[in-house]
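Written below as structure tokens is the structure these notes are about.
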Amino acid sequence: MINEIKLNMTVLERFIFRTVSYITYITLTFTGLTFIISDIEYLKWLGVLICLFLIDRIINQKKGFQKISFKSKNIFLNLSPSALSLIERSLDKSILNKKPLKLVLLENIFNLKSIKTALQRLEINYKEIAQHIEQTLKNSKTESIKESREIIKDIVKKAQQTSKNTYLTEEDIAVAVLDCEDENIIKLAKLFSITSDTLKKSLIWHNQKSKLYLLQKMPFSISGFVYNTESKSKTRIINRAWTSRPTPTLDKFGLDLTSQARYEKIGFLIGHKKEYDELEDILSKKQEGNVLLIGDPKVGKKTLVSHLAWRIVRDEVKNTLFDMRLISLDITRLISGTDDSEASKTIQLIIQEILSAKNVILYIDKIDLLFKTNHKNASSLADALNGVFKNEHFKIISSITKREYTKSKNDHSSFITNFEPVLVNEINLDEAENVLVIKSIILENQYRHKILITIPAIKKAVYIAYKYLHEIPLPESAIRILEEATEETISNDENKVTQNTVISIAERKINVPLRTTNDEEAEKLLNLENIIHQKFIDQNEAVSAVASMLRQHRSGLSRPKAPIASFLFVGPTGVGKTELAKILAEYQFGSQNNILRFDMTEFQDESSIIRLIGGNERVGQLTESVKQKPYSLILLDEFEKAHPDIINIFLQVFDDGHLTDTYGSKTIFENTIIIATSNAHSNFIIQELDKGSSMVSISNDLKNKLTEIFKPELLNRFSKIIVFKNLSKDDTEKIAQLKLNELAKTLDETKNITIKFTDHTVKTISEIGYSKTFGARPLREAINENLKNPIAEKILKNEINKEDTLEIDAEDGKFFFRTV
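Right, here's the structure in full:
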């Protein structure tokens with residue numbers, strides 16, 4: 001009751017109470033010490049009792065009067081002395097300064113050392129938040145004392161509901177205050193991007209790290225991030241019932257995972273609850289309790305097995321698995337390390353030892369190695385396993401990738417069907433963040449606490465890995481980014497790994513802009529049409545459509561789980577469809593080298609599907625190219641000429657942003673721009689333009705006509721269908737000017753030669769390079785034949801040298817070269 005009584009006192013009464021308390025403890029300390037040195041026996045013992053009382057108060061100074069319990073009638077008894085002191089100080093300050101209690105409480109909270117560290121880990125500037133609170137306090141009015149006491153009661157109740165501690169701490173009060181429905185606190189939380197959840201996560205991290213440091217239990221790897229409160233016992237080969245048998249041969253070729261778990265080297269697991277439950281359920285069966293873990297490399301198959309070993313050691317498994325040993329068999333060493341006859345005997349001996357022991361679960365990683373090698377010993381082991389799969393004393397866990405599982409199921413079904421499959425999926429983003437918190441604690445310890453890794457850095461590493469690094473699953477992909485960011489921070493003599501550090505690492509890794517658009521980039525995006533038109537002539541509707549989609553993407557408004565954009569470029573030959581694709585690739589992906597180009601006329605028959613996406617042990621051209629360059633522009637030339645089944649494949653790509661091959665392997669297209677080009681109904685475009693029809697009406701009519709070639713559901717899935725008009729002679733002349741400028745720039749940069757083209761030259765070369773049928777396509781050849789070849793000859797003949805100026809003129813279709 002004392003806590004509640006103190007909170008109901010006036011400011012003066014609380015001051016008197018504290019003063020009397022301090023005087024009492026000082027008096028008791030002085031009296032106790034005086035009595036101990038006294039010659040009177042009973043005074044000595046009284047002094048000892050007083051000192052023991054004071055020592056007890058010091059030891060229990062962080063404890064409240066009562067542990068947290070929802071049955072508690074007086075919630076204030078759950079408050080630790082430090083939490084009570086925080087509330088008292090805030091209440092006194094609120095009353096004396098006539099300021100709102102919640103804000104005063106928040107001000108005092110942000111002065112706490114643990115909260116300052118938590119804010120630092122959240123990349124929140126403490127000084128800025130303190131200034132904001134100070135400014136808000138100036139313009140805020142206080143509530144009545146009665147209302148203040150109700151506010152305290154509500155905050156303590158909230159803290160009690162969310163706390164995981166034995167007593168309510170200052171940190172619990174901090175989390176509860178941030179969770180209050182208060183206008184000023186909500187505004188502050190939004191302004192500084194801080195919530196009760198993020199603060200709580202940061203505080204848990206800080207407390208967990210401190211606890212491990214004090215216990216000197218800091219692990220060196222994530223797998224060892226487990227802690228047994230029970231004393232460790234030596235490795236047990238014989239079970240506690242003394243019914244099992246030793247396995248010397250198996251021990252020679254295997255690793256006892258239960259022994260590793262007993263010494264806290266393995267066993268840590270976050271996520272994969274569903275998979276673990278399935279694993280334990282199958283193993284618990286009396287017969288045919290064999291498990292095949294199926295999943296991509298690094299997805300967590302070995303981690304699941306290690307966690308099972310840890311649970312066995314802690315007796316946290318089903319009765320049928322109690323006191324078992326989990327042994328990982330090194331089949332590579334077993335198969336290749338001995339000759340055929342000896343290996344056959346060894347395999348049989350291992351099987352017999354397992355059956356005799358009756359307490360062994362065998363783990364074989366990459367079981368497909370038994371089928372992929374021509375070694376005779378591999379087939380011997382496979383045959384030996386086939387003979388004991390149904391024995392109730394033989395339990396086996398194996399692992400395999402999705403791709404190898406599909407192949408093995410087809411080619412070795414009699415062996416594979418002895419296992420019950422468990423699909424091991426990638427952990428989710430929240431679980432990955434929790435793993436990275438653990439990894440961060442290890443990294444900070446590894447670098448002797450010279451660095452601090454922030455929560456935004458962790459969140460950003462997980463998000464980037466999930467969105468852009470699909471070849472390696474979470475959390476491994478995110479861990480690699482975080483490790484690189486930490487190394488860079490150390491090498492730069494900095495002490496904090498922030499989200500900006502992570503972004504810098506990722507941008508170099510994937511060559512894609514990831515930062516929020518700054519003013520300069522925003523200006524470029526807003527003027528993207530003008531920037532494109534510096535290299536691209538006319539086709540305003542096409543340029544505008546492409547620019548709009550890029551603006552949406554860079555503003556974070558593009559459709560999730562889909563390509564950045566997908567376009568169908570329709571129009572006559574040589575009107576700039578490919579040229580616009582090149583400019584787009586250069587702007588978004590940094591280089592025209594990031595174009596993956598496919599001539600769809602090469603995929604006209606049904607069998608070419610395998611060539612495109614893979615199958616029958618063949619790598620797909622499209623899927624493999626995207627895996628190698630996941631951040632690229634995919635250009636599908638003459639899309640309409642591909643086989644209908646191939647065209648249908650892209651329905652899944654446009655819809656879901658991924659493609660799954662026959663082996664279940666997924667290729668992600670979420671970071672690509674897909675452009676399909678088509679010459680379909682080109683004559684219709686030319687005829688309508690000759691009639692004087694507008695591009696708007698031509699586009700609308702053409703989209704209806706395209707349903708004769710493409711299914712409506714495919715057309716509807718394109719981000720935009722863009723119609724290109726044929727080029728005029730004026731357009732070709734402007735394009736010629738651009739191409740000649742490029743030629744002049746190249747010669748200036750490579751040979752230090754200046755070239756000047758007269759207007760007659762530009763006009764003449766554009767007339768030679770113009771074709772109503774092929775658009776500007778012949779222009780390249782015209783420049784090569786009439787200008788580049790003669791210039792090359794003059795350079796080789798030393799007729800043009802460095803720092804020379806070459807002037808090119810034209811008359812009656814002929815070109816004249818003059819060195820100035």
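If you're matching positions, the sequence shown starts at 1 in the UniProt record's numbering and goes up one per residue. Each residue gets a CB set at the ideal place from its N, CA and C atoms; glycine is no exception.
- Judged by their CB atoms, Ala776 and Gly571 are not nearer to each other than the 9 Å cut-off.
- A straight-line Cα-Cα distance of about 7 Å links Ile481 and Ile505.
- Ser80 is a Cβ neighbour of Leu168, given a cutoff of 9 Å.
- Residue burial annotation: Pro456 is buried, with at least 16 other C-beta atoms found within 10 angstroms of its C-beta.
- For the pair Ile668 and Ile634, the CB atoms are not nearer than the 9 Å cut-off.
- Distances from the CA of Arg18 to each of Glu749, Ile808, Ile36, Arg89 were compared; the closest alpha carbon is that of Arg89.
- Look at the beta carbons and you see the region 117–131 touching the region 183–199: at least three pairs across the two are nearer than 8 Å.
- For the options Ile464, Asp277, Thr660, Ser682, the alpha carbon positioned closest to that of Lys577 is the one of Ser682.
- In the three-state reduction of the DSSP assignment, Pro572 falls in the coil class.
- For Phe589, the enclosing alpha helix (DSSP H) has its first and last residue at 577–589.
- Within 10 angstroms of the beta-carbon of Leu443 lie 16 or more other beta-carbons, which makes it buried.
- For Phe35, the enclosing alpha helix (DSSP H) stretches over residues 11–36.
- Between the alpha carbons of Glu275 and Tyr405 lies a distance of about 17 Å.
- Within the region 602–645, the alpha helix (DSSP H) runs of at least 4 residues that lie entirely inside it are, in chain order, 608–613, 621–628.
- With contacts defined as CB atoms closer than 9 Å, Asn184 and Thr136 qualify as a contacting pair.
- A check of alpha carbon separations from Leu52 across Leu28, Lys67, Asp809 identifies Leu28 as the nearest.
- Each residue's CA atom was taken as its position, placing Lys711 and Ser558 some 24 Å apart.
- In terms of CA proximity to Glu638, Ser678 leads the group Ala522, Leu622, Gln499, Ser678.
- Restricting attention to Glu483, Ala176, Asp645, the CA atom closest to the CA of Arg611 is found in Asp645.
- Assigned with DSSP and collapsed to three states, Gly664 falls in coil, not helix or strand.
- A Cβ-Cβ distance of about 4 Å is found for the pair Ile537 and Lys734, placing them in contact under the 8 Å criterion.
- Contact between Ile722 and Leu528 is ruled out by a C-beta separation of about 15 Å, above the 8 Å threshold.
- Put simply, the backbone Cα of Glu426 is about 15 Å away from that of Leu436.
- The C-alpha of Asp599 lies about 37 Å from the C-alpha of Pro475.
- Nearest C-alpha to Leu103 among Thr773, Asp368, Glu181, Thr31: Glu181.
- Contact between the region 647–656 and the region 493–500 is absent, with fewer than three C-beta pairs closer than 8 Å.
- The secondary-structure analysis by DSSP pairs Glu426 with nothing; it has no beta-bridge partner.
- With a cutoff of 9 Å on beta-carbon distance, Phe718 and Ser566 are scored as near each other.
- Taken in chain order, the complete beta strand (DSSP E) segments of 3 or more residues contained in the region 304–359 are 325–329.
- Excluding the 5 residues flanking it on each side, Arg818 has same chain C-beta neighbours closer than 6 Å at Glu807, in chain order.
- Of all C-beta pairs linking the region 762–769 to the region 779–790, three or more are shorter than 8 Å, placing the two stretches in contact.
- Counting only residues of its own chain and dropping the five nearest sequence neighbours on each side, Glu433 has a CB closer than 7 Å to the CB of Ile458, Lys459, Val462.
- For Glu181, there is no enclosing alpha helix (DSSP H), since its DSSP letter is neither H nor E.
- Judged by DSSP in its simplified three-state form, Lys153 adopts helix.
- The beta carbon of His412 lies closer than 6 Å to those of Phe371 in the same chain, with the five residues before and after it left out.
- With respect to Leu101, Leu178 sits apart: the two C-beta atoms are not nearer than 9 Å.
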